[in-house]
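Q: Let me begin by handing over the structure; questions about it come next.
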Amino acid sequence: MTPNGAVIFGLVVVAASVAAASPLGFAVVAALVLAFAIAGGGRKAATALLWSAGIVAPLALFMGLVWVVIVGRAPAEIAAGVEGSRIAAAAYVAVICARLFIIAFVVQAAFQHFAGATPLRFVRGLTVPLTVKKLLVLTLSLIETLLQAVDRARTALIVSGTITRQFSLRNLRHGWILIQTVWLTVITIAIGRTRDKWPTEGTLTLLDNALSAPAGRRFAAADLIWITLAVAALASALGLR
Amino acid sequence: MAAHELIVGPNFSGRSALLMRRLRERTPGASFYIGPYAEAALSGLSSTVADEIEIYGTNTAQDRSGFQLLDRIARDRPTFDVLDLKSFADRKPPTLSGGEQVLLALHCFSISTFRAIGIDTALEQLDPDNRALALLYLTFCEDQDALLIDNRLDHLDDWSRIDASEVDHRFACDLAAAVAPIAPRAAPAIAIEGLSFHYPGGWDVFADTSFMLAPGKAHRLTGANGTGKTTLMKLLAGVLRPSAGAITLDGAPYEPWTSGNRLFALATQNPDHQWCGATLAEDLTRRCAALAHHKELQAPTSEQLSTLATLFGIASRDQHLYELPLAARKRLSWLWPLTGTMPWIMLDEPTVGQDRATCEALARAIDTMCARGYGVIFITHDDDFADMIAHEQLLIAQGTISS
């Protein structure tokens, strides 16, 4: 599969999950994504499934607490001014969480299709303007810098005794120090790069060259098959509303 | 003929500024730069080692018809291939050790089209074998200019020497006076049994290894770049949790990854990896506040900390840490360990970026701490520095630690 095909497939699946409103509609879209995940990762599809459930579960719990337990009716019922029911509220939460689950799942599944490719090669393979590619790489760079800063800040605060590696009340009290330290670290990393390394080397020009290198086919036969199936799922979701 | 220049001088003599100026006198964007630490060694644009190599190895101006990276490189110049790039390809560059990052940066330079390289003390992080290879490579780069700052070199054959001699004395430090008032202390003996550790998805860094750390002595951790020296320090400080094994202090169980660190004061390899605040005052206040959880530890007084800050060349504790020169921050990273608050101190590559006079003073300070009963663990590839300290050597190799 090509990066272009994966992105289009993903976008159509997202549209299908937003369009789906009935259990059968969600089942059709979820089955398609599951097939996509198995095709790309084999047994690792189970890992993608678990990860996606893990991402959505806290939100489901929170939304259930708010809408089902506390509010007790769905937003549409509130807007209509009717008494409503907890069942309707639960259905509302279920629809939102199902959509998010499918979105998270399709992203995980797409990653598995490109497990052998590097992020740079994936971005280079996209048929988008160079500026967009550069923006994607810089965004990934910022995310990596944030992760690096979190690791550095955690190390500093654990060694100093301010927080512990394991969950503790101390960590709750001093969480704001961790946030401050992470922020400071990100800024200093970025300043160091943009003051010394990047201007000396013209690093961003190097990036332009790397992203402009030949990237292979824009689409493959597999792309067309999966995109067609995704469009069919979208149509099913719309028809089953 | 390429110019190879060694910039020599003490700390705060303007060496780094001179190196940067000479690099930028060339066409902008024509020089490769390896600074003292990771943020100035790697591009920061790549999520994997493979991508880092690809960013530097691509040149579409030369070849748009194909993309045979290694073939093109072989035609232009020899590559610097010390790292096992295949096994490192999927790793995130910041997860490499400091020395491995320098080796990766050198490899990237060797596959690039840059005609000049500037290295600011980064080679000091390499183990002796890798350091010798790096110097050899740079010396025999016929078509590329090289500028180097290295505190362990006064001269190099076939290199010209540039002296930087106008010293800024604002950050002068007096380590002897800093450790003079430290009272004797009975640090606990540390026993590590059956230690095992591996990073998620990685290889075994330590596999069922056991060793002892006696107080009143200095222990030097040695081993090739990437063997786990810094990882061991992180395990002992509770930053990482071992997959197996136990640590005892005078026979009593000690699990810093659960209970918090109450034993070690650590000066990290990159000093910016240890700050707990934006200013020195904020950093020290938080460290002292953390001691409230451990009644057996006595925090230094405000007066003591102010005196120490002055001895480390810092006029005010309200000094913003990141406004200091890197060499000053490196020295400041020793302040907390040398307060004598924690019974054991760990110094990770303390001499990187430090001139000989400062290294000698630090060696004497370490000897003083040991003589007063403290335990010291240090990592250094600088054999001259290590020889100034009476120490026991612990070699880390193939997952084990041996005397």
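Residue numbers (the numbering used here), protein chains in the order written: chain A, 1 to 241; chain B, 242 to 644. A virtual CB, placed ideally from N, CA and C, is assigned to each residue, including glycine. For clarity, every value in this text was computed on a predicted model and none was experimentally measured.
What residue ranges within the segment 519-589 of chain B form continuous alpha helix (DSSP H) runs of no fewer than 4 residues, ordered along the chain?
A: Within the segment 519-589 of chain B, the complete alpha helix (DSSP H) runs of at least 4 residues are 521-531, 543-552, 567-573.
Q: Using CA atoms only, rank isn't needed, just tell me which of B:Arg461, B:Met610, B:Ser547 is closest to Glu590 of chain B.
A: Here residue 590 of chain B refers to the residue found at position 349 when the second sequence is read from its first residue. Minimum Cα distance to Glu590 of chain B is reached at B:Arg461.
Q: Give the range of the alpha helix (DSSP H) segment to which Gln180 of chain A is assigned.
A: Here the question's residue 180 of chain A lines up with position 180 in the first sequence. 175-192 is the extent of the alpha helix (DSSP H) around Gln180 of chain A.
Q: For Glu83 of chain A, which of helix, strand or coil comes out of DSSP?
A: On the first sequence, residue 83 of chain A is found 83 positions in, with the first residue counted as 1. If DSSP states are grouped into helix, strand and coil, Glu83 of chain A belongs with coil.
Q: Determine the DSSP secondary structure at Tyr92 of chain A, reduced to helix, strand or coil.
A: By 1-based counting over the first sequence, the position of residue 92 of chain A is 92. Looking at Tyr92 of chain A - three-state DSSP - the assignment turns out to be helix.
Q: Any Cβ of chain B within less than 8 Å of the Cβ of Lys133 of chain A?
A: The residue labelled residue 133 of chain A in the question sits at position 133 within the first sequence. No, Lys133 of chain A does not count as interfacial toward chain B.
Q: Go to Val617 of chain B, then tell me how far its beta strand (DSSP E) extends in each direction, as first and last residue.
A: As a first step, residue 617 of chain B must be located in the second sequence, where it is residue number 376. Segment 616-620, the beta strand (DSSP E) holding Val617 of chain B.
Q: I need the straight-line Cα distance from Ala519 of chain B to Gln385 of chain B, nearest angstrom please.
A: Taking the second sequence and counting its residues from 1, the one referred to as residue 519 of chain B is at position 278. Taking the second sequence and counting its residues from 1, the one referred to as residue 385 of chain B is at position 144. Each residue's Cα considered, the two are about 40 Å apart.
Q: Compute the distance between the beta-carbons of Leu229 of chain A and Ala19 of chain A, then report whether it is under 8 Å.
A: For the purposes of this step, residue 229 of chain A is identified with residue 229 of the first sequence, where counting begins at 1. For the purposes of this step, residue 19 of chain A is identified with residue 19 of the first sequence, where counting begins at 1. It is not a contact, given that the beta carbons lie outside the stated cut-off.
Q: Using a Cβ-Cβ distance under 8 Å, would Pro3 of chain A count as near chain B?
A: The residue you call residue 3 of chain A lines up with position 3 of the first sequence. No, no contact with chain B.
Q: Can you list the residues of chain A that Arg411 of chain B reaches, using a CB-CB cut of under 9 Å?
A: Here residue 411 of chain B refers to the residue found at position 170 when the second sequence is read from its first residue. In chain order: nothing, as chain A lies at least about 21 Å away.
Q: Any C-beta of chain B within less than 7 Å: which residues of the segment 171-195 of chain A qualify?
A: Answer set for the segment 171-195 of chain A: Ile177, Thr181, Leu184, Thr188, Ile189, Gly192, Arg193.
Q: Could you tell me whether the Cβ of Thr499 of chain B comes closer than 8 Å to any Cβ of chain A?
A: By one-based count along the second sequence, residue 499 of chain B stands at place 258. For Thr499 of chain B, the answer is yes, since a Cβ of chain A falls inside 8 Å of its Cβ.
Q: In chain B, which residues lie with their C-beta within 7 Å of the C-beta of Lys44 of chain A?
A: By one-based count along the first sequence, residue 44 of chain A stands at place 44. Here the premise fails: no neighbours, minimum Cβ distance about 13 Å.
Q: Classify Ile163 of chain A as helix, strand or coil using the three-state DSSP reduction.
A: As a first step, residue 163 of chain A is located in the first sequence; it is residue number 163 there, counting from the start. In the structure shown, Ile163 of chain A sits in coil (DSSP, three-state: anything other than H, G, I, E or B).
Q: Can you say whether Met474 of chain B is buried or exposed, counting buried as having 16 or more other CB atoms within 10 angstroms of its CB?
A: If you number the second sequence from 1, residue 474 of chain B lands on position 233. Under this definition Met474 of chain B is a buried residue.
Q: Taking only three categories from DSSP, how would you classify Ala357 of chain B?
A: Your numbering for residue 357 of chain B matches position 116 in the second sequence. Of the three classes helix, strand and coil, the one that applies to Ala357 of chain B here is strand, per DSSP.
Q: Closest by CA to Leu416 of chain B, which one among B:Leu504, B:Ile637, B:Met610?
A: Start at 1 with the first residue of the second sequence, and residue 416 of chain B comes out as number 175. Ranking the options by Cα distance to Leu416 of chain B, first place goes to B:Met610.
Q: Inspect the CB distances between the segment 187-199 of chain A and the segment 269-278 of chain B and report whether three or more fall short of 8 Å.
A: Touching, yes.
Q: Mapping the DSSP letters down to three states, classify Thr118 of chain A as helix, strand or coil.
A: Indexing the first sequence from 1 puts residue 118 of chain A at position 118. Three-state DSSP puts Thr118 of chain A in coil, outside helix and strand.
Q: Using 10 angstroms around the beta-carbon of Gly501 of chain B, count the other beta-carbons present and answer buried if the total reaches 16, otherwise exposed.
A: The residue labelled residue 501 of chain B in the question sits at position 260 within the second sequence. Looking at its Cβ environment, which holds 16 or more other Cβ atoms inside 10 Å, Gly501 of chain B is buried.
Q: Using the rule of at least 16 other Cβ atoms within 10 Å of the residue's Cβ for burial, across every protein chain shown, is Glu201 of chain A buried or exposed?
A: Here residue 201 of chain A corresponds to residue number 201 of the first sequence, with the count starting at 1. Buried.
Q: Classify Phe619 of chain B as buried or exposed, calling it buried when 16 or more other Cβ atoms lie within 10 Å of its own Cβ.
A: Position 378 of the second sequence holds residue 619 of chain B. Result: buried.
Q: In three-state terms, what does DSSP make of Ile649 of chain B?
A: What is shown of chain B runs 242 to 644, which leaves residue 649 of chain B out entirely.
Q: Between Gly5 of chain A and Ala215 of chain A, which are expected to be in contact by the criterion C-beta below 8 Å, what is the C-beta distance as a whole number of angstroms?
A: Stepping through the first sequence from its first residue, residue 5 of chain A is reached at position 5. Stepping through the first sequence from its first residue, residue 215 of chain A is reached at position 215. The Cβ separation is near 13 Å, so there is no contact.
Q: Could you tell me which of B:Phe350, B:Gly614, B:Gly340 sits nearest to Ala363 of chain B, measuring between CA atoms?
A: Counting from one through the second sequence, the residue named residue 363 of chain B turns up at place 122. When each option's Cα is compared against that of Ala363 of chain B, the closest is B:Gly340.
Q: Tell me which residue opens and which closes the beta strand (DSSP E) that Thr509 of chain B is part of.
A: In the second sequence, counting from the first residue as 1, residue 509 of chain B sits at position 268. No beta strand (DSSP E) contains Thr509 of chain B, which DSSP labels as neither H nor E.
Q: Just verifying my parser: in three-state terms, what is the DSSP assignment at Thr228 of chain A?
A: For this step, residue 228 of chain A is matched to residue 228 along the first sequence. Thr228 of chain A: helix per DSSP, three-state reduction.
Q: Label Gln595 of chain B either buried or exposed according to how many other C-beta atoms from any shown protein chain fall within 10 Å of its C-beta, with 16 as the threshold for buried.
A: As a working mapping, residue 595 of chain B is identified with position 354 in the second sequence. By the 10 Å Cβ count, Gln595 of chain B comes out buried.
Q: Under DSSP, the alpha helix (DSSP H) around Leu462 of chain B begins and ends at which residues?
A: As a first step, residue 462 of chain B must be located in the second sequence, where it is residue number 221. That residue, Leu462 of chain B, is in no alpha helix (DSSP H); its beta strand (DSSP E) goes 459-463.
Q: Which chain A residues sit within Cβ distance under 9 Å of Arg503 of chain B?
A: Along the second sequence, read from residue 1 onward, the residue named residue 503 of chain B stands at position 262. Simply Gly161.
Q: Take Arg152 of chain A and list the residues in its own chain whose beta-carbon comes closer than 7 Å to its own, dropping the five residues that flank it on each side.
A: Numbered from 1 along the first sequence, position 152 holds the residue referred to as residue 152 of chain A. Cβ within range, chain order: Thr185.
Q: Between which two residues does the alpha helix (DSSP H) harbouring Ser484 of chain B extend?
A: In the second sequence, counting from the first residue as 1, residue 484 of chain B sits at position 243. Looking at the DSSP string, Ser484 of chain B is not in any alpha helix (DSSP H), and its letter there is neither H nor E.
Q: Taking Ile189 of chain A as the reference, which of B:Asp608, B:Gly486, B:Gly285, B:Ile586 has the closest Cα?
A: Taking the first sequence and counting its residues from 1, one reaches residue 189 of chain A at position 189. The shortest Cα separation from Ile189 of chain A among B:Asp608, B:Gly486, B:Gly285, B:Ile586 belongs to B:Gly285.
Q: Compare the C-beta of His439 of chain B with all C-beta atoms of chain A and state if any pair is closer than 8 Å.
A: By 1-based counting over the second sequence, the position of residue 439 of chain B is 198. For His439 of chain B, the answer is no, since every Cβ of chain A falls outside 8 Å of its Cβ.
Q: With a threshold of 8 Å between beta-carbons, can Gly72 of chain A be considered close to chain B, or not?
A: On the first sequence, residue 72 of chain A is found 72 positions in, with the first residue counted as 1. False, the Cβ-Cβ gap to chain B never drops below 8 Å.
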